[in-house]
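Taking this note's numbering, the leading residue of the sequence shown gets 1108, the next gets one more, and so forth.
Where a beta carbon is used, it is the ideal one built from N, C-alpha and C, also for glycine.
Owing to the predicted nature of the structure, the values given are computational and were not obtained by experimental measurement.
Have a look at the structure below before the remarks.
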Amino acid sequence: MNAEHDAAFWADAVAEAYAAAAKPPLTRDLVDQVRATLLEALVEPLEPGLRDDARAGKADRLNAALDGFEIELRAVVGPRIASLDETSGAVVMEHRSEAGQPLRAFGGQ
């Protein structure tokens, strides 16, 4: 799989997994925005000195992109990537929490 196809695959997979658990539910336009944000995070060059050769690096970049999306939108909260399985293409998401309670959109706790 070439790098461009790999980036598009992961952007699609993570966007769909994120949208499945985001609160409030995302419109199709917002899912497309998430996908574009994730794709950009995967194809933009890394800062000098940073490596992205491990799965954790890819997950970290994608989670940071999800953070940016939520901060910009200020109206949605969703899970973050717990793991990416490069072999099967599976994405495992987990909800972030504060004091054992899931985070909520519209002002947090």
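- In this structure, DSSP gives Ala-1122 a helical state, which the three-state scheme calls helix.
- Look at the beta carbons and you see the stretch 1143-1151 touching the stretch 1116-1130: at least three pairs across the two are nearer than 8 angstroms.
- Straight-line spacing of the CA atoms in Gly-1196 and Asn-1109 works out to 15 angstroms.
- Rounded to whole angstroms, the Cβ separation of Ala-1189 and Glu-1201 is 4 angstroms, and the two are in contact under 8 angstroms.
- With contacts defined as CB atoms closer than 8 angstroms, Val-1198 and Ala-1124 qualify as a contacting pair.
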